[in-house]
Every structure is written in structure tokens, then in C-alpha cells.
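These notes concern the structure reproduced below.
Number of protein chains: 2
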Amino acid sequence: MKTTVEETNARIEAAHRAFDQTRRASPQARSVWLGAIATALETHAEELVSLGQQETHLAEARLRSELKRAVFQLRLFIAEIASGENLDVTIDHLDAAWGAGPRPDIRRMNVPLGVVGVFGASNFPFAFSVMGGDSSSALAAGCSVIHKIHEGHLNLASRTGEIVITALQAAGAPDGLFSTITGRSAAEAMMDHPLVKAIGFTGSTSGGRALFDRAASRPEPIPFYGELGSINPVFVTERAWGLRRDEILSGFASSFTMGMGQFCTKPGLLFAPVRGSEEAEEVAAFLRGKLNDRESSPLLSPKLHEGFTKALAAVGSSDGVYKLVAGDDAEAPRPTILATSAPVIQQNPELLRSEMFGPATLLVQYEPGTKLEDLAALLEGQLTTTVHAEPDEDVTDLLAMLTKRSGRIIWNAWPTGVSVTYAQQHGGPYPATTSGTTSVGTASIGRFMRPVAYDSFPPSQLPDPLRDDNPWRIARRVNGTHEPAPKTGTRDAG
Amino acid sequence: MKTTVEETNARIEAAHRAFDQTRRASPQARSVWLGAIATALETHAEELVSLGQQETHLAEARLRSELKRAVFQLRLFIAEIASGENLDVTIDHLDAAWGAGPRPDIRRMNVPLGVVGVFGASNFPFAFSVMGGDSSSALAAGCSVIHKIHEGHLNLASRTGEIVITALQAAGAPDGLFSTITGRSAAEAMMDHPLVKAIGFTGSTSGGRALFDRAASRPEPIPFYGELGSINPVFVTERAWGLRRDEILSGFASSFTMGMGQFCTKPGLLFAPVRGSEEAEEVAAFLRGKLNDRESSPLLSPKLHEGFTKALAAVGSSDGVYKLVAGDDAEAPRPTILATSAPVIQQNPELLRSEMFGPATLLVQYEPGTKLEDLAALLEGQLTTTVHAEPDEDVTDLLAMLTKRSGRIIWNAWPTGVSVTYAQQHGGPYPATTSGTTSVGTASIGRFMRPVAYDSFPPSQLPDPLRDDNPWRIARRVNGTHEPAPKTGTRDAG
Chain B
-10 MKTTVEETNA RIEAAHRAFD QTRRASPQAR SVWLGAIATA LETHAEELVS LGQQETHLAE
50 ARLRSELKRA VFQLRLFIAE IASGENLDVT IDHLDAAWGA GPRPDIRRMN VPLGVVGVFG
110 ASNFPFAFSV MGGDSSSALA AGCSVIHKIH EGHLNLASRT GEIVITALQA AGAPDGLFST
170 ITGRSAAEAM MDHPLVKAIG FTGSTSGGRA LFDRAASRPE PIPFYGELGS INPVFVTERA
230 WGLRRDEILS GFASSFTMGM GQFCTKPGLL FAPVRGSEEA EEVAAFLRGK LNDRESSPLL
290 SPKLHEGFTK ALAAVGSSDG VYKLVAGDDA EAPRPTILAT SAPVIQQNPE LLRSEMFGPA
350 TLLVQYEPGT KLEDLAALLE GQLTTTVHAE PDEDVTDLLA MLTKRSGRII WNAWPTGVSV
410 TYAQQHGGPY PATTSGTTSV GTASIGRFMR PVAYDSFPPS QLPDPLRDDN PWRIARRVNG
470 THEPAPKTGT RDAG
Chain S
-10 MKTTVEETNA RIEAAHRAFD QTRRASPQAR SVWLGAIATA LETHAEELVS LGQQETHLAE
50 ARLRSELKRA VFQLRLFIAE IASGENLDVT IDHLDAAWGA GPRPDIRRMN VPLGVVGVFG
110 ASNFPFAFSV MGGDSSSALA AGCSVIHKIH EGHLNLASRT GEIVITALQA AGAPDGLFST
170 ITGRSAAEAM MDHPLVKAIG FTGSTSGGRA LFDRAASRPE PIPFYGELGS INPVFVTERA
230 WGLRRDEILS GFASSFTMGM GQFCTKPGLL FAPVRGSEEA EEVAAFLRGK LNDRESSPLL
290 SPKLHEGFTK ALAAVGSSDG VYKLVAGDDA EAPRPTILAT SAPVIQQNPE LLRSEMFGPA
350 TLLVQYEPGT KLEDLAALLE GQLTTTVHAE PDEDVTDLLA MLTKRSGRII WNAWPTGVSV
410 TYAQQHGGPY PATTSGTTSV GTASIGRFMR PVAYDSFPPS QLPDPLRDDN PWRIARRVNG
470 THEPAPKTGT RDAG
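Chains B and S, in that order, are what the protein sequence lines are. Numbers -10 to 483, taken from this note's numbering, label the letters of the first sequence in order. Numbers -10 to 483, taken from this note's numbering, label the letters of the second sequence in order.
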């Protein structure tokens, strides 16, 4: 059953009323709601994992760990908003002798944006879906959420939505704080509704760009936090290749096939100094051995399978590209490794820009002495780039170029697996994402907030986080200097 | 002489080379360059102020204080980047027992975006022009800058540009770090160039929206930090009006006519509980007295004069709007105060959305008992909103609505005058600005940066700000906890 436009509008209005009722809620109140969601997801883990298995072809262990991640994320965000980090409180006291003229008392903090629309992703039915990163961070920020269900896991998403809504009601959250919608017209109504103030999205470059354009062309444009496409290239230096070729190839085989290659951080390119066809055949034989051990499963959906087959055929049939390790087009496709050489991609850099969303990757052989930064310069924006090198090598120019091209740079490890932490950055230059922000980790909360300054306010009228007595006991920047969160004394804690 | 497209492209390419050469420069190196600009502006103050007087009709004192502000801003930014605040360094150590799976060592910092295009504003020939907030913050961030000169003060801007470029050269900055362009085709070439990674703009809603759309529709969309239109409404409660009517009206008269009403923070709306036509006449008489004292000058340009006259005529001829204090359409126009009542604007909220860029404002009379939040709900996004009320009044609902509608809320003071501080917020919901960021104050630097995470890096390959020994001695967040900047011991300082 698709949600009608009328139903969508009603849910957005309810979400806005819930936002109004909760915008001044303390982090503690909000934490009760987020905690109730986390507990409910844990309580229903068996049911949800089983629904996920039926709909997604993902293995039970993967689904369990993904659900665990979503629950962990909610609890990390509870701690984060209690710390007040997301508020970025900055206080300037009145200063008659300040610089270019007297400075009034100004106090700034972040406030939530309002109703946020979130699109579920196909490939992470828990971590980037109903109660994935975008929904969790928007709720933690103090926003209310309308979640557009991904139809690749409709039953799982609908059931997750019910569980979340029931948990919120039982925890005393206002009606409408979170709801779900299905279908394209509902999604369009959400994109266009004046009460919707931001969008979170994870999906394809073409679909994401269309939605970005729609968000930008509204009478009131709104931020569109879209994660679109990324090839996640890996660069192996000559020294690293000489010292640890097999180890690198093992890690590569395992990383690019993880989740059947349906990860936004799948390494879809490997730049390696493979010498001639003889070494290429050794590499192929080694990789075949590694890949034969791996079980295959069908891709997430027939539509994704079709898209994967098409992209693979397009890259595979390009001039100068050959099949190093042949996969197949079975229902559960075996992994494919295409190969080419640096001069070919210099002629046709489009080869570096074609995401093959599934178990396939492209090996680019380069000649000794090639400047890797020149190859990196051909890349579009990436979520991640990876370097395999020795700690004492001078890769300054390569790293400088990768800094321009990516949001996260990985050293001697693999891009798949994005842990939820304070310093995590999951977002890079376009088309990796449509903004420089991260959709994973505690910094993702700030996307759904904006700063407001209170100028010359009397103490009695200031929001709590800005009061001199700091009742929320949070770290703040005062007159330019960071002041740590005050320790809770025994008296206060009693 | 307009800059040709070829010249523009060459300057952008030079700016990009300069960016590449300086992206790893220390804050100290950058400070030498920013400091050289500040000193050069001070050295040439007489010449610049005199050029400004010839071109803008602004008074000498105003121009002097604006130049002083631009210089102060550069020096505040020098201190800010030395503190490392703009880098937002966040370090997570390896943690095998972390939450949903082991956490690698991840270290995140902000890096500069690249070449930034900046449009000069007509109304602040120093503070929002060649070396105004956008240029200064972009350079402080580590970007290079192409500045599109505003033709309203072409000679002043060209001369300022020369002074800046000469100062940078003498201070050893790389060629092309800063340059200027003139003319529409040059501006369009800048908007579209793939090496340009962000735009700063201050100007009209129509012009700004066209540029925003252009930035969003590029193959690689880029952030457009535009400050467009704001009416800056002021709400006076019944109690404040009863206690301090004359004081409020005096402040209002002085604020809305400051700079001939050509401030982006001019209070263009006053909601006051004026009782009937008798009190309206008292108010008019009082305001006339205040306004008669003020000297008038021509507006910044004939084009602005024409736009002002048109906007004033459109609002003034609307149903239910009358002239409370009549101005005129002389070359140096006398201030005009239009008046209407709350029911009229409730019928026609467009009246609240028409910026009259010049010495005019609209008084909205409301009846006792009117809920001010209901009137505030009719507003579009604003740079500022202002409340005149008593400290013990309950204005919770009004403040909640103003928080939704504006970037800075002022209590018993006036919005004109935006001091350059840590907590300042000059930016609000659309159409006030096109992003939630601020274009004034130290937080403006972050607009021209984006986060990059370094995952599992060996110490020898980490950028300096992320190293364990913290060679830049900056405050950082480590494993979720803020660590203050290490104190410099006597040995290190020697």
C-alpha cells in the first residue's frame, strides 16, 4: 500500500507538531526516547533478522551485526547529546574594549532544523534504513523524521517502523515524531513540503542527483545530504607490492566481495605495479584461489542485478580492458576482476568513474616510476581512498591529491567497514556526497542543526545551554577559550 | 576594463597552483600573509577612504570604521587559526573493544576547499568587499580567492585589490593566491570553473538566487554561501511599549536610517501596540522630530535608488497601508515610515516579504492581546529578529517562533551593527541566507573547509595537527573528550 499524498502531508504536519512540542526537550528526555527505540530493536531482533533474511539475501550473521550497529549508534548518540557537543555552545561576554567597536553579550548554540525526510538505502536494511544513521542522527539533533521506506525490504522496513513508533509512544514521545511513508508520490510530496527542512539520502548517483536538484529548486531550497557514488580506489606502491603482494591481494579479494560487493565503500579500483602478462597471470591465479573459497549469494534485488550486469559489461567491453578473473552472470554471480593499464585510463578516464555495484573490480597496472598522484588526479570525488605503502616512503604528493579527492584516506587497510565513532568521516567531494558532511559517526548529528545567536539577552530569557550557571553541565567555548564540562560534585549528584 | 574569460581562467588556474603550494602551510606562515594585508590596508587608509567617499556617498567616519573593522577581522582570524579551532581536530585511538566492532585509529581534521569565488557587496565597500568577511575567512581557511569586484565602487575595489596583491607578494605568498576580476562574463566563468569549489556572495535575493541555482546545477555542484534578503522585524510587547515607548522609537529611528537604510540588518518592520489613529499621530510626530535631525545622503548608486523607490511605491500603494511619516524621492531621500495593521498583513503576508533597501520601514499596529507568535509565523527566514520586552515577561512562544525564523535574536537592542566575534551568527533561514552558516565572525572560516579522516595512519605519515605530540599545540577532541591546548613551557618557548 503506497502512502497517498494526503497521508504524507498529514504525517509531515504531525511531525511538525511533535517538533514544536519537543524542541526544548532536554537531552535526557530525548535520550529516553532514543533508548526506548534501541531496546525495542534488540527485543525484536529475532523477528527483524528473520524478515531481513527473507527479503535481502543477506546472511543472518551480517544482519545481526548490522542491527547491533544500529542499536550501538543510538546509544552513542545518547551519550553525545548528553555531552552537548552537538550544540557547539559559544559565549562572548560583553566587551566594551573589543576590537573594532564594543561587543555585546552574544551566545550561540545549534538548534534542530525541524522535520527531516530520510530515504532508506537498499544495501543496509538496518544501518542505513528505517533507524539507520540519518534517522538516528536527525532524532538526536532534535528533529522529527519522515522515513521513506526502500521497497527492496518493504516488510522489514514496515515492521521496523511499527516497532519504532510503538516504542516511542510507550516512552511518552509526542505522536508523529517519527513515521514512515512508501511510494514515489509520497516521496515527492515529502521533498516539496514547506515544513520539511532537510533530506538524508543514500543511493545511486542518478537518483540522488535528481533529488538534490529537486531540493535545490524548491522555493525555499533545503540541504540535501546525499551519499551517491564512490569507486574507492586503492593505490599500492612499488615497495609495498614487492614486500607484501599476496597479503594485499588477499585483503583486496575479501574487501571487494564483502556483502556481494554492494557496499558504498567497496574498493572498485586497484592501482598496482603488475609487471607484464606473466605477473598478471600469477596475480589472477592467486586471486582465483582466494575467490573460490567465497560463497556467492544473489544480489539484493533483480533490479540491482540488472544494473550490475550492465555496468560490468560496459566497463568490460571498453578498449584495453580484459577479464583477469572471469565471474559469471548466475543468480548468485561469482566475482569478476577486470584489468587494464595506466595509459588506457589516461586515455579514457571515464573508466574510473563507472561504479559497478556488485562483486566486480578493476585492476589498473602501472609501470615502475609512474607518479601515482597523476593517476589519482583523474579521479572524481570519493568516500574513501586507500594507500598501501611503507611507513617511511615519501607519498606526500599522492596523499595531497587524495586529500583533495576523498573524505577518508586509509593506510594499509581496507575501506569496507565504517565504524561509528567521533572522528569518522563518511562523505567526500561530489559525487561521493552532495555536501562535505559525514553520515556516519557523532558528527552526523550536526547536519540537522543550524546556529542561532542570542544577542544581549537577560539571563532569565536565555535557553538553558547558554546560561552562565551551565545547568546542562556541558563543555562550552567562552570568550574564545574552551571550558571543559564542569565535574558533577557529590552534592549535585545526590 | 572587464576581465575576459581567458584572463579569468588563467587567474583561477594560478589560484589553484597557489592553493597547491600553500595547502600544507602552517597557520604561522598564513598569518604572515594575512598580517601583511592588514598592515597594508592600514598604511593606505587615507587613500582608500578618500576613494570610497568619491564612489559611495558614504561618510568618511563610516568608511574609516568599516576599514578598521576589516583590519580587525584579519587579525582576529590570525589568532583563530593559530588556535586551530577551525580544524576541529578529532582523534579516536584504536579500540578493539569499541561498541559494534573494533575501532581503528581514526583522526579527522578540516582541510581547505580550494579556490573560492567571492562577490563584493555594494553596501559595505570594505567589510563585505575585496578584503571583507568572505575573502578574509577563505584565506584564513587556507583557500585561495578570486574576488569579483562590485562595480558600484570599481576604483576603490581595484585599488584595494592592488594593495592586497602587492602586500601578499612582499610577504612571500605564492603568486595568484588572491586576485580580482570584473564584469559579468568573468563572473559567470568563475561560477562555472571546475577548479572553483565554493562561492561567497552578499546581495539581492533575485541576483543571489540566480547564482545559487547556477552553483547547484553545475556538473559538480558547489556550496554557495549567499546572503540575500532580510527584513529584520522588531516586536515590541505591550509592557515594553507602555514603559519605554519613546526610547524604543528613538532607537528605531536611528537604526532603520543608519547607512541610509542600506544595511542587510536594517529593521524593516516594527510590530507595536499602537492604539488607534490618535496614538499613531503621536508616534508620527515623535518620529518626525527624531528623523528631522538626521542628515540624508544619496543612496549608494542610481540603480539602488531606483530599486528602493519602486519597492517603496509597491508597499506604499498596497491596500491598508498608509504613510505615517512621509519621506521624499529626492536625490538624498528623506526617511519614510509606512504603517498598517495586523489584520492587513494577515490578509496579505507578502507585505512582510518586500525588502525596501533604503531609508524606509513599515510599522504594523497590533491590538492588545494579539499573540505575537502568530504574526511572527507569517515571516520568511531572517538574518535577525528583535524583541523589546521586559526581562520577566513570558515571551516563550514568541522566542520559539523567532528561533525558527532567524539566525540572531536581539533583546532590547537593535540589529544594525554586527560585531566580529566568536559567537556571532550572521545567517538565517532562506531567503536570509542560502545556508545555515555565518558570514561574520570566526565561525565563518569553517565554511571554506571540509573534514577529512585519516584511518590507520602511521605516525610518520600523519598531518601535523593530528600527530600525538601535537606540534601545533592546539585544542583537540581525543576519544570523545576535549583536551585543551597544551601550555607552552619555558623550554619550548625559548
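All residues carry an ideal CB built from backbone N, CA and C; glycine is no exception. These numbers come from a predicted model, not from an experiment.
In angstroms with no decimal places, state the Cα-to-Cα distance between P454/B and V409/S. Between the C-alpha atoms of P454/B and V409/S there is a straight-line separation of about 22 Å.
Which ranges does the alpha helix (DSSP H) cover as unbroken runs of at least 4 residues, wholly within the segment 193 to 228 of chain B, from first to last along the chain? Entirely contained in the segment 193 to 228 of chain B, the alpha helix (DSSP H) runs reaching 4 residues are, in chain order, 194 to 205.
Is it true that the CB of L391/S sits closer than 8 Å to the CB of A366/S? For A366/S and L391/S, no; Cβs fall outside 8 Å.
What residues are listed by DSSP as bridge partners for V134/B? DSSP lists V105/B, F167/B as the beta-bridge partner residues of V134/B.
Report the three-state DSSP secondary structure of T325/B (helix, strand or coil). Here T325/B sits in strand by DSSP.
Going along chain B in order, which residues have a C-beta closer than 7 Å to the C-beta of Q413/S? Here the neighbours are I95, A442.
If we define contact as Cβ-Cβ less than 8 Å, is E209/B a contact residue for chain S? When Cβ-Cβ separations below 8 Å define contact, E209/B makes contact with chain S.
Can you tell me which of the three DSSP states N459/B falls into? If DSSP states are grouped into helix, strand and coil, N459/B belongs with coil.
Delimiting residues of the beta strand (DSSP E) encompassing V38/B: V38/B -> not in any beta strand (DSSP E); alpha helix (DSSP H) instead, spanning 34 to 45.
Using a Cβ-based criterion (distance less than 7 Å to any ligand heavy atom), does Y411/S qualify as near the ligand ATP? With respect to small molecules bound, the structure shown includes none, and the ligand ATP cannot be examined in it.
The alpha helix (DSSP H) with Q371/S in it runs from where to where? Run containing Q371/S: none in the alpha helix (DSSP H); it sits in the beta strand (DSSP E), 371 to 377.
Cβ of K57/B within 8 Å of any chain S Cβ: Yes, K57/B counts as interfacial toward chain S.
Relative to the alpha-carbon of M438/B, which residue among D84/B, E31/B, H82/B, D123/B has its alpha-carbon at the smallest distance? The shortest Cα separation from M438/B among D84/B, E31/B, H82/B, D123/B belongs to D123/B.
Any chance the segment 21 to 30 of chain S sits against the segment 79 to 89 of chain S, with 3 or more Cβ pairs inside 8 Å? Cβ pair count under 8 Å is below three, so no.
Between F275/B and L56/B, what straight-line distance do the alpha-carbon atoms span, to the nearest angstrom? In a straight line, the C-alpha of F275/B is about 34 Å away from that of L56/B.
8 Å Cβ cut-off: residues of chain B touching A205/S: Within chain B, the residues placing a beta-carbon under 8 Å from that of A205/S are F201, D202, A205, S206, P210, ordered along the chain.
Suppose the cutoff is 6 Å on Cβ atoms and the five residues either side in sequence are ignored; what does the same chain contact list for H415/B look like? If we look at H415/B and ignore the five residues flanking it on each side, its Cβ neighbours are V407, T427, S428, V429.
Just verifying my parser: in three-state terms, what is the DSSP assignment at K292/S? If DSSP states are grouped into helix, strand and coil, K292/S belongs with the helices.
Would you mind working out which of A242/S, T254/S, L63/S sits nearest S219/S, comparing C-alpha positions? Considering only alpha carbons, the answer is T254/S.
Do S39/S and L289/S have their C-beta atoms closer together than 8 Å? The criterion of a C-beta distance shorter than 8 Å is not satisfied by S39/S and L289/S.
Let me check one thing: in DSSP terms, what residues is H485/S bridge-paired to? This structure does not reach residue 485/S, given that chain S is present from -10 up to 483, and the question cannot be answered.
Excluding five sequence neighbours on each side, which residues of the same chain lie with their C-beta closer than 7 Å to the C-beta of E472/B? Hits under 7 Å: A464, R465.
What distance in whole Å lies between the Cβ atoms of V119/B and T155/B, which are believed to be in contact at a cut-off of 8 Å? Wrong, their Cβ atoms sit about 13 Å apart, outside the cutoff.
Taking the straight line between their C-alpha atoms, what separation do you get for T329/B and T246/B? Going from the Cα of T329/B to the Cα of T246/B covers about 20 Å.
If you drop the 5 nearest sequence neighbours on each side, which residues of the same chain put their C-beta closer than 6 Å to that of N99/S? For N99/S, where only same-chain residues beyond five positions count, the Cβ hits under 6 Å are L76, D77, M438, P440.
Three CB pairs or more closer than 8 Å across the segment 378 to 390 of chain S and the segment 283 to 301 of chain S: Of all C-beta pairs linking the segment 378 to 390 of chain S to the segment 283 to 301 of chain S, fewer than three are shorter than 8 Å, placing the two stretches out of contact.
Locate the beta strand (DSSP E) running through L76/S, then write down its first and last residues. Per DSSP, L76/S is not a residue of any beta strand (DSSP E), being assigned neither H nor E.
Please report the Cβ distance between P222/B and F260/B, rounded to the nearest whole angstrom; I am assuming they are in contact, meaning their Cβ atoms lie under 8 Å. The Cβ separation is near 7 Å, so the contact holds.
How about G250/B and P404/B: do their beta carbons lie closer than 8 Å? For G250/B and P404/B, no; Cβs fall outside 8 Å.
Cut-off 6 Å between Cβ atoms - residues of its own chain near G396/B, not counting five sequence neighbours on either side: Counting only Cβ-Cβ distances below 6 Å, and skipping sequence neighbours, we find L372, Q414, G416, G417.
For S168/S, which residues of its own chain have a beta-carbon under 8 Å away from its beta-carbon, when the five flanking residues on both sides are left out? Around S168/S: R0, A3, A4, V134, I135, H136, G150, I154.
Would the beta-carbon of A321/B fall within 8 Å of that of S285/B? Cβ atoms of A321/B and S285/B: closer than 8 Å.
For the putative contact between T470/S and E216/S, defined by C-beta atoms under 8 Å, what is the C-beta separation to the nearest angstrom? Not quite, the Cβ-Cβ distance comes to about 36 Å (not below 8 Å), so this is no contact.
What are the residues in the segment 438 to 472 of chain S lying within 7 Å of chain B by C-beta distance? Listed by position, the residues of the segment 438 to 472 of chain S near chain B (Cβ gap below 7 Å) are R439, P440, V441, A442, Y443, D444, S445, F446, P447, S449, Q450, A464, R466, G469, H471.
Going along the segment 365 to 380 of chain S in order, which residues come within less than 7 Å of chain B, judged by CB to CB distance? Of all residues in the segment 365 to 380 of chain S, P380 have a Cβ within less than 7 Å of some Cβ in chain B.
Just to confirm the assignment, what range does the alpha helix (DSSP H) spanning I154/B have? First-last of the alpha helix (DSSP H) with I154/B: 143 to 159.
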